[in-house]
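**Q** Residue numbers (the UniProt record's numbering): 1 to 782.
Could you have a look at this structure, given as C-alpha cells, before my questions?
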C-alpha cells in the first residue's frame, strides 16, 4: 500500500457521513474491509495481521469527522500511550504532587541526551548523532530509553532500551545506576554506549528543586556541528517552498513562448538591474584593488603582486599581474580574463542555454564591489588573493557611492620577507691540476662548456704586443739550476705566459720550450688567486708559475717601449716589408684586380684605413703612421685616396705574366718615401664622408619611390601632417625610424637630415613641399 512506507500516521477523513451516524462502511466500500477483492483478485493486507487487529496499523480512519476512531477509542489516546510499558507510571508523571509527602515516589525524571554512532560505509558522513529521551523511574530505579523519530533518517528509530535496572558495571550487577549519576553537561555509559546529557524537562527541574533541593544548571545547546544530517534537514524545512522565477526560468519561458506564439514576456528583474547598471556607468569604468597571491608552497611557486579590476558596468573581474623589473617572467600578465566571479560555495552547473558560450554566464550569486574589503582573503577559482590596498579612485567611489569606507593600507613588508628565497650560493670544488682555471669552472657548471668570449677591444689594442724578459730561477732545486736562463713572454692580448729555456752548451738540460702558452694565476696574501697582469712584469720582480719562482733580470727594447707606452717610429725597412706583404696578399687572395679593389674599398674609397684593416685581417700588426706611409708609397701621386688606375699600376694580378717572382722580393722596391703628411688622413676621411652622403641620398630617394602614394602624400606623412604645410627637422628625424624604418647609427641619421635640410631650410629649420620635390627628382646615380 502507499501508506505502508510512511513513518508518520496520516489521517483520512470522510466528511460525507453525519456525526450521529457512527456506523462502519459497508462491505466493499473500503479496501481494508473486503478480505478478498473480487475485482482485482488482490490479497488484502488485513489477512497478515493478528486476529485482534482488524485494520491496517499504519492508517487511522475517521469516518465521520468526529473524535471516535473505528474501534470506538477517543483520539486523545495516542499511539505513544498505547506503547507505554506502564500506564500507571505515565499517569504518575502527570499527576505527581511535589507539595505533599511521598507525592513524588512514582515520578519519572526525563533527560534529553544523545549518542554518536559511527558510519563505516558512507561516502558523505562518518558519524551520526541520535537524539534520545532517557527516563529514570523513581519507583524502582529503572531506566528506559526512547529515540526521537527523525524524518527520512533511513534508520529504525524506536525504543532502544526497555524499562529495567541498569548496573554500572557488568562485573558488579548489584551496583545500579542512580539518579545521582545523571548530570547536565556530563555523560553516562549504559551497556557500553556513552550518552551525553543536555537538558531535562520543566517538571524534572521542579522535582530537583523541591524534593532534592538542588539547582539544575542551564541546558546545553544541541551539537549542530556534529549533527550534519539534522542541520541539513532543518534547513530544508525552514526553506520556503515558494520558488522565485529566476533569469534562467525567464529565458526558458521566452524561448518556448516565442516558438509557440511569437510573443515575448517581460524581462527578469536581474536582467533589468544589469541593464540599468550598464547605462549608469561609463565603458570600462572600474575599481582597482591590489592583492597578493602567495604560491610559495608549490615547487615552482612564488609571491605574485596582482591588481584586481572590478568593472562597474557588468560586475566582471579581471586579475592582472604587476611584475617588478627584472622579474624573469615572460608571456602575458593576465591571470584571470574578464568574467564574473562566483561567491564561495555557489554551484556552477551550466544550463542548456550556456553550453556553447565562453565560460558560465552568471546572473546571480557573484562577487560585486560591495563584497570587497581590505585585509580579507578571497578564493577565486582555487587561488587565494589577499587584498592589501586600493587606489584613490576606488576609495572615493566606495565611500561616496556605496557608503563603505575602506580600511587603510596593510603593511605587507613582514609578509613579503617571510620565506624569502635567497639565492643559492655554490662554491667550486678544489682544483685537480688538469686544465686552466676557467676550463675547470666551466666543466663544473655545465657538461658542454661554452668557449670564452674574446675581448675584441682589448685584442685590437694589444694584438701583437708581447713583453719579453730574461729570467733565472730564484730558488734552485738541483745543482746547475743557477746557470739556467729563461725567456719569459707575456702576451698582453690574452694574458698568457710562455717560457722558453735558452740553450747552454754542456749544461745537461734540454733547451727549448719550458712552459706552453697558457693562463696562469698568482697567489694573493688572503689565499685567493688572480690572473697575472702586465703590472706584475717588471725587472727585479719575482714571478711564480706552477710553484717555480722566476726572477726577471732584463727585458728587450720592444718591451721597454711597450711599458713606456710609446709608439714605435716607422723605419724604412718596416715600410718596405709592409709594401711587399701587401703585394703578396693581393696575389694570393685575388685573381683579378677589380675584385681586389672592390673588396678593399667596398664604399668606393681606398685610403689608409682600408689598407690598415686589410693587413690586420692578414694577421699583421700595423699602426696608423705605417698605414699612411704605405699609401704614400703605393700611390705617390695620390692625395690620400688610391684610385683604381693607381691601384692597377702597383698590383696588376690579371695575368700571371704581369708579376714575376722578382717583383715580390725586397729588391723590387727601389726606394721608399718616408716623408710624413698628416693631410692624407683628412683627405681620406672627407672622401669617405662624401661617398657615404651620396649613398645615403640614393637610399632615401629609392625608399621614397618604393612607398605607395604620391609625393605630396609622402611629404604630409613624413612631416607629421603639419598645419603649416612644412616639414621640420625633428619631425623628419622621428619619421626616419617610425615610418620609413631606417635602422642606422646616429651619425648616419644626422647625415640624412643634413642632406635634405642643408641649403634648403628657412630660419625655422623647415622646408616646403617644392624643395622636397626637388630633392626626390634628382638623379640617383652616385
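Even glycine gets a Cβ: it sits at the ideal position worked out from N, Cα and C.
Since the structure is predicted, the reported quantities are computational estimates derived from the model, not experimental observations.
(1) So what does residue 290 bridge to, in DSSP terms?
(2) Helix, strand or coil: which one does DSSP assign to residue 430?
(3) Between residue 733 and residue 724, what straight-line distance do the alpha-carbon atoms span, to the nearest angstrom?
(4) Anyone know if the C-beta pair for residue 736 and residue 752 falls short of 8 Å?
(5) Nearest CA to the CA of residue 136: which residue from 147, 130 and 111?
(6) In three-state DSSP terms, what is residue 548?
(7) Work out the CA separation of residue 524 and residue 542 for me, nearest whole Å.
(8) So, helix, strand or coil for residue 137, using DSSP?
(9) Which residues in the same chain as residue 554 place their Cβ atom closer than 8 Å to its Cβ, once the five residues preceding and following it in sequence are excluded?
(10) Candidates 692, 156, 133 and 211: which alpha carbon is nearest residue 145's?
(11) In chain order, what residues of the same chain lie with their CB nearer than 7 Å to the CB of residue 496, ignoring the 5 residues before and after it?
(12) With distance defined between alpha-carbon atoms, name the residue in 127, 165, 122 and 158 nearest to residue 141.
(13) If you draw a straight line from the C-alpha of residue 494 to the C-alpha of residue 488, how long is it?
(14) Alpha carbon to alpha carbon, what distance is there between residue 457 and residue 321?
(15) In the structure shown, what three-state DSSP assignment does residue 127 receive?
(16) List the endpoints of the continuous beta strand (DSSP E) containing residue 334.
(17) Looking only at its own chain, which residues have a Cβ that is under 6 Å from the Cβ of residue 190, when we skip the five neighbours before and after it?
(18) Please state the DSSP three-state secondary structure of residue 770.
(19) Pick out whichever of 764, 156, 277 and 292 has its Cα sitting closest to the Cα of residue 286.
(20) Is residue 765 closer than 8 Å to residue 688 when the C-beta atoms are compared?
(21) Quick one: complete alpha helix (DSSP H) runs, 4+ long, within the segment 570-635?
(22) Taking 7 Å as the limit between beta carbons, can you name the residues of its chain near residue 119, skipping five residues before and five after?
(23) Just to confirm, is the Cβ distance from residue 334 to residue 309 under 8 Å?
(24) Determine which residues share a DSSP beta bridge with residue 316 and list them.
(25) In the DSSP output, which residue or residues are listed as bridge partners for residue 491?
(26) I'd like to know whether the C-beta of residue 610 is nearer than 8 Å to at least one C-beta of chain D.
(27) I'd like the list of long-range same chain contacts for residue 369, defined as Cβ closer than 6 Å, with 5 residues on each side in sequence excluded.
(28) What are the residues that DSSP puts in a beta bridge with residue 483?
(29) Between which two residues does the alpha helix (DSSP H) holding residue 705 run?
(30) Between 467, 744 and 156, which lies nearest to residue 559 when the distance is taken from Cα to Cα?
(31) So, is residue 573 buried or exposed, given that buried needs 16 or more other C-beta atoms within 10 angstroms?
(32) Which of helix, strand or coil does DSSP assign to residue 107?
(33) Are the beta-carbon atoms belonging to residue 640 and residue 684 less than 8 Å from one another?
(34) Tell me the DSSP secondary structure of residue 425 in three-state form.
(35) What is the DSSP secondary structure of residue 524, reduced to helix, strand or coil?
(36) Locate the alpha helix (DSSP H) running through residue 711, then write down its first and last residues.
**A** By the coordinates alone:
(1) 307 and 389
(2) coil
(3) 18 Å
(4) yes
(5) 111
(6) strand
(7) 14 Å
(8) strand
(9) 469, 470 and 539
(10) 133
(11) 517, 518 and 519
(12) 165
(13) 15 Å
(14) 42 Å
(15) strand
(16) 334-339
(17) 166
(18) helix
(19) 277
(20) no
(21) 572-589, 593-600, 608-617 and 624-634
(22) 125, 126, 127 and 128
(23) no
(24) 311
(25) 466 and 496
(26) In the structure shown, chain D does not exist; there is a single protein chain.
(27) 287 and 310
(28) Residue 483 is not bridged to any residue.
(29) 679-706
(30) 467
(31) exposed
(32) coil
(33) yes
(34) coil
(35) coil
(36) 711-718
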